[in-house]
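Following: one structure in structure tokens, then a few remarks.
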Amino acid sequence: MMATLSGGDDSRTDSSISTAGARMEELLFTDEPADADRASELRRELGDWLNGVGIDADRAYDVVLATYEAIANSVEHAYRDHTDRGTLDIRVSCAAEGRIDVRVTDRGDWASHNSDPNRGRGVPLMRALADSAAVTSDQNGTTVHMIWDAV
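Structure below.
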């Protein structure tokens with residue numbers, strides 16, 4: 001079953017994929033505006049979706065917080081030196097056994113910060129909340145990839 005909503009801030013795909021008897025749920029947001037208002041909406045929509053697919057509330061909280069941090073980093077850093085508003089993509093999949101895979105991708109370039117002691121806690125937070133987290137950047141943008149292993 002696949003339902004697709006398209007247009008503006010509502011572009012997303014919710015799907016249930018069945019492979020070899022195992023069911024996987026997926027949530028996809030594409031070309032979302034990289035702005036603070038949309039980031040808050042995405043956080044809420046992700047939480048609702050995780051609840052709807054039956055993810056434990058404590059685990060869902062960790063996924064939502066880490067994913068929101070990745071989104072906020074894209075909003076704040078990826079398009080800092082750009083004149084037009086950038087976009088980001090979010091892909092979340094939940095396997096039947098409970099493994100959760102999240103990718104947040106932007107097409108900007110993260111500016112490095114000076115040694116401000118009040119900054120730089122986002123990536124360590126993501127790594128603390130997820131079972132694994134990696135940030136990769138190249139000329140095409142940055143991807144944050146986080147995994148929560150099966151329960």
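Numbered by UniProt numbering, the letters in the sequence shown go through residues 1 to 151 in order. Glycine included, every Cβ here is placed at the ideal spot set by N, Cα and C.
query: Whole angstroms is fine: what's the gap from W110's alpha carbon to R59's?; result: 28 Å
query: Between A150, T87 and L125, which lies nearest to D31 when the distance is taken from Cα to Cα?; result: T87
query: Between V102 and I71, which are expected to be in contact by the criterion C-beta below 8 Å, what is the C-beta distance as a whole number of angstroms?; result: Going by Cβ atoms, the distance from V102 to I71 rounds to 10 Å, so no, they are not a contact pair.
query: Is the region 124 to 135 close to the region 79 to 97, with three or more CB pairs under 8 Å?; result: no
query: DSSP on residue 153, reduced to helix/strand/coil?; result: Here the chain has residues from 1 to 151 only, and residue 153 is not among them.
query: Quick check: the Cα distance between Y61 and W49, rounded to an integer number of angstroms?; result: 12 Å
query: In chain order, what residues of the same chain have a beta carbon less than 8 Å from the beta carbon of G108, not counting five sequence neighbours either side?; result: A34, S74, H77, A78, Y79, R80, H82, G86, G141 and T142
query: Beta carbon of I55, beta carbon of C94: below 8 Å?; result: yes
query: What residue range is occupied by the uninterrupted beta strand (DSSP E) comprising I147?; result: G141 to W148
query: Could you check the C-alpha separation between A96 and N51 for me, to the nearest Å?; result: 14 Å
query: Suppose contacts are defined by Cβ-Cβ distances below 8 Å. Is E69 in contact with G122 by that definition?; result: yes
query: Check for me: the beta strand (DSSP E) holding T136 runs from which residue to which?; result: S132 to D138
query: When you compare only the Cα positions, how much space is there between L65 and I100?; result: 14 Å
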